[in-house]
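Let me begin by presenting the structure, written as C-alpha cells, before commenting on it.
There are 2 protein chains.
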Amino acid sequence: MARERKFTKEELYHAVKHLLLKHGYDGFTFTVLASFLDVSRAAIYKYYDNKEELISEYMVYELIKFLNDLKAIGEKKTFNEQFDALFDMIFADLSLYEIRAMGMQIPIINKKIKNNKQKISGIIVELYSSLQQFVELGKEEKVFKKDIPNNLILGMIFETVNIPNRGNIPLPEWVEMIKDVICHGLFTKD
Amino acid sequence: MARERKFTKEELYHAVKHLLLKHGYDGFTFTVLASFLDVSRAAIYKYYDNKEELISEYMVYELIKFLNDLKAIGEKKTFNEQFDALFDMIFADLSLYEIRAMGMQIPIINKKIKNNKQKISGIIVELYSSLQQFVELGKEEKVFKKDIPNNLILGMIFETVNIPNRGNIPLPEWVEMIKDVICHGLFTKD
DNA sequence: ATCCAAAGTTACACATCCGTCACTTTTGAG
DNA sequence: CTCAAAAGTGACGGATGTGTAACTTTGGAT
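Chains as they are written, first to last, in UniProt numbering: chain A, 1 to 190; chain B, 1 to 190.
Have a look at this one:
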C-alpha cells in the first residue's frame with residue numbers, strides 16, 4: 001500500500017555512524033546524510049524532525065546492542081574468562097567511544113529527544129551496574145585489590161582503550177600488553 | 001600614536017580557552033568571541049583572518065607554556081621526584097587535553113595556519129622526546145619494566161587523566177590512587 | 001482500472017556564520 | 001592644533017544549514 005523505501009533503518013544507522021565518525025557531531029547534517037544515502041534532504045524529514053532526534057535514536061539502538069553483548073559476558077563462568085572477554089569486547093570496536101562522547105552533546109530541544117536521552121542514561125546505568133557486579137566478583141575472588149574504588153577499576157579499563165598505538169603493534173599483542181600493565185602495573189616488583 | 005586596545009593578548013587567549021571549552025571547536029565563532037570580549041566582530045578581523053588562525057596561534061602559546069613546565073621537571077634529581085612532579089603537572093589542568101584534541105581538527109586553509117600547525121607538531125615532538133628521556137631514565141633505574149614499550153607507558157599516564165572521578169574523591173587522594181594503580185596494577189600480588 | 005496513502009522531490013523563507021569594505025573614533029608625535 | 005596611524009564599528013553579500021509546504025511518484029488493496 002506504499003512506495004518502496006530507498007533505505008532501510010539498518011542502512012540509515014550505518015550511514016549515521018559512518019558520517020558521525022567522519023564529520024563529527026556538528027559536521028553531521030541532513031544535507032550530508034541525504035547525499036550519502038542518495039536521497040533528497042526532505043525525505044529524511046519524513047521520519048525525523050531534526051538530527052538530534054535521529055542521532056539520539058541511533059544511540060539508543062547502538063547502546064542496546066552493546067549492553068546485550070556485555071550481558072553475554074556475564075554468562076561465562078570463571079572471572080578470568082570474563083575479564084578476557086571484556087577486554088576483547090572493548091577493543092572490538094574502538095569507534096564506539098567516540099560515538100558515545102558525541103551522544104553527550106545532543107541538546108534537548110523537544111520531548112522525543114528528552115525521552116531518548118533518558119533511555120540512553122538508563123542503558124548506561126544498566127551497563128554500569130552490570131560492570132559493577134563484574135568488579136565485585138573480581139574482588140570476592142581476591143583478584144582485584146579491595147581498596148581500589150570500583151569506578152577507578154572500570155575507568156582504567158575503559159580509558160586505556162584510547163591509548164594511541166604508535167608503532168602499530170598488532171592488535172591482539174597490544175591488547176595483551178595493556179591488560180598486563182593494568183593487572184600488574186608499570187613497575188618492576190623489586 | 002594609536003587608540004587604546006579594548007583587550008590584551010592575554011585576555012584574548014583566556015577568552016579563547018574559556019569559549020573553546022564551553023562551546024567546542026565548531027561552536028566557537030567570532031560572533032561568540034566578540035560578544036564575550038564586548039567588541040564588534042570586525043575588530044577581531046583586524047588581528048586574525050579567521051578562527052583557524054587565532055586558535056592555532058593560541059595553541060602554540062599554550063603548548064609552549066606546557067613544554068616549559070615540563071622542562072622544569074627534568075631538572076629534579078631523582079626519578080621518583082620527577083615521577084611525582086609529572087603526575088601533579090598532568091592533573092594540574094585537565095582542560096588542556098580537551099584543548100589539545102581540538103587543535104587536531106584545525107583545517108589547514110592557508111600558509112599561516114600551516115606554519116602554526118607545524119610549530120605545534122614541533123612542540124609536541126619536543127614534548128614527546130622529553131618524556132621519552134624520562135621513561136628511559138625510569139627503565140635504567142629499573143623502576144619501569146623494560147619490556148613495556150615507551151609509548152604504552154606514556155599512554156597509560158596521559159590517558160588515566162580522563163578517568164571520571166565519580167564519587168568526587170579529593171584530587172590529591174585521587175591522583176595518589178591512580179598513580180598507585182599505574183605503578184602496581186589492579187591485581188593482588190598472589 | 002482506479003484510488004489513496006506512503007515515499008520522495010523541488011522550492012522557498014528563515015537563520016547564522018563568514019569575510020570585507022567604507023566609515024568613525026582615539027591618541028600621540030610633530 | 002592638526003593629522004595620520006591604529007583601533008573600532010556597522011552594514012552588506014555570499015554561503016550553508018534548517019524546517020516546511022506543495023507537489024509528484026509508486027504500488028498494493030479494492
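Note that CB positions come from ideal geometry on N, CA and C, so glycine has one too. Just so it is clear, the structure is predicted and the values come from calculations on it, not from any experiment.
State the DSSP-derived secondary structure class of residue 187 (chain A), mapped to helix, strand or coil. strand
Report the residue from A:188, A:6, A:19 whose alpha carbon sits nearest the alpha carbon of residue 145 (chain B). A:188
When Cβ atoms are compared, which residues of the stretch 29 to 45 of chain B fall closer than 7 Å to chain A? none
For residue 29 (chain A) and residue 40 (chain A), what's the separation of their Cα atoms in angstroms? 13 Å
7 Å Cβ cutoff met for residue 106 (chain B) and residue 53 (chain B): no
Please report the straight-line C-alpha distance between residue 5 (chain B) and residue 47 (chain B), rounded to a whole angstrom. 12 Å
With distances taken from CA atoms, which of B:7, B:27, B:99, B:59 is nearest residue 37 (chain B)? B:7
From the DSSP output, in three-state form, read off residue 79 (chain A) for me. helix
Alpha helix (DSSP H) containing residue 54 (chain A): first to last residue? 51 to 74
Please list the partners that residue 184 (chain A) has in chain B, where partner means a Cβ-to-Cβ separation under 9 Å. 145, 184, 185, 186, 187, 189
Quick one: is residue 113 (chain B) near chain A, going by C-beta distance under 7 Å? no
Residue 166 (chain B) at chain A interface by Cβ criterion, 7 Å: yes
Could you name each continuous alpha helix (DSSP H) segment of 4 residues or more that falls completely within the stretch 105 to 167 of chain B, going from the start of the chain to the end? 111 to 140, 150 to 159
For the stretch 145 to 163 of chain A, which residues have a CB atom closer than 7 Å to at least one CB atom of chain B, in sequence order? 145, 148, 149, 151, 152, 153, 155, 156, 159, 160, 162, 163
Within a Cβ cutoff of 8 Å, which residues of the same chain sit near residue 141 (chain A), ignoring the five residues on either side of it in sequence? 79
Apart from the five residues on each side of it in sequence, which residues of its chain come closer than 8 Å, Cβ to Cβ, to residue 161 (chain B)? 90, 91, 94, 97
For the stretch 46 to 66 of chain B, which residues have a CB atom closer than 7 Å to at least one CB atom of chain A, in sequence order? none
Mind checking the stretch 94 to 128 of chain A against chain B and listing, in chain order, the residues whose C-beta falls within less than 8 Å of any C-beta there? 105
Please decide whether residue 26 (chain A) counts as near chain B, where near means a Cβ-Cβ distance under 7 Å. yes
Within the chosen definition, does the stretch 129 to 143 of chain A reach the stretch 62 to 75 of chain A through at least 3 CB pairs nearer than 8 Å? yes
Cβ-based neighbour list, residue 123 (chain B), same chain, cut-off 6 Å, excluding 5 preceding and 5 following: 63, 67
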